[in-house]
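Numbers in this note's numbering are just positions in the sequence shown, counted from 1, shifted up by 1.
Take a look at the structure below.
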Amino acid sequence: MASHKHERTAQAIKEAVAAIISREVKDPRLGFVSVTKVDLAKDLSQAKIYISVYGNEEAKKNSFLALNSAKGFIKGELASRVKLRVIPELSFVEDLSIEYGARIMEILEGLKPKALDQKKDTGETEGES
């Protein structure tokens, strides 16, 4: 389990990177992105930043190109905002959890009408169990 200090550091990096991306990075390729999670190595040498991108595949590709080209700038800004002895190397990773959740909801919605049809066929009403 990560220590409380480790979790606070990851949260501080997440908030700072989100602010830097939304306010400081001026790359026109950057679409609507949000920082969803930061995984820090135990020695704080690397930070894996999970990014959710709203849009199609082209928007995702362009946003990750923009983020990777601005990586040095983001790291420099991060150094001035988060007080650490060594600023971790940043890597940006696509967060698929939102898409995964949407797919699960789609599957569940697809199951709902079948369950209602089965209740109607057996003569049950919604108030009965």
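Every residue, glycine too, gets a C-beta built ideally from N, C-alpha and C.
Taking DSSP as the reference, what is the three-state secondary structure of residue i?
| i | result |
| --- | --- |
| residue 41 | strand |
| residue 83 | coil |
| residue 91 | strand |
| residue 24 | helix |
| residue 4 | coil |
| residue 130 | With a pLDDT of 48 at residue 130, under the threshold of 50, the modelled position of that residue is not reliable, and the figure given next carries that caveat. It is coil, neither helix nor strand. |
| residue 97 | coil |
| residue 9 | helix |
Output needed for residue i: all residues of its chain with C-beta closer than 8 Å, excluding positions within five of it in sequence on either side, in chain order.
| i | result |
| --- | --- |
| residue 58 | none |
| residue 77 | none |
Am I right that residue i and residue j are in contact with their C-beta atoms under 8 Å? What's the rounded C-beta distance?
| i | j | result |
| --- | --- | --- |
| residue 92 | residue 47 | 7 Å |
| residue 15 | residue 36 | 5 Å |
Within 10 angstroms of its Cβ, does residue i collect 16 or more other Cβ (buried), or is it exposed?
| i | result |
| --- | --- |
| residue 89 | buried |
| residue 85 | exposed |
| residue 130 | For residue 130, the pLDDT reaches just 48, beneath the cut-off of 50, and the residue's location in the model is therefore unreliable, although a value from the coordinates is still provided. Classification for residue 130: exposed. |
| residue 112 | exposed |
Give me whichever residues DSSP pairs with residue i in a beta bridge.
| i | result |
| --- | --- |
| residue 53 | 35 |
| residue 47 | 90 |
Output needed for residue i: all residues of its chain with C-beta closer than 7 Å, excluding positions within five of it in sequence on either side, in chain order.
| i | result |
| --- | --- |
| residue 72 | 91 |
| residue 32 | 54, 55, 56, 60, 63, 64 |
| residue 13 | 83 |
Got a sec? Which residues, its chain only, sit under 6 Å from residue i by beta carbon, not counting five neighbours each side?
| i | result |
| --- | --- |
| residue 26 | 71 |
| residue 79 | 17, 88 |
| residue 40 | 49 |
| residue 75 | 21 |
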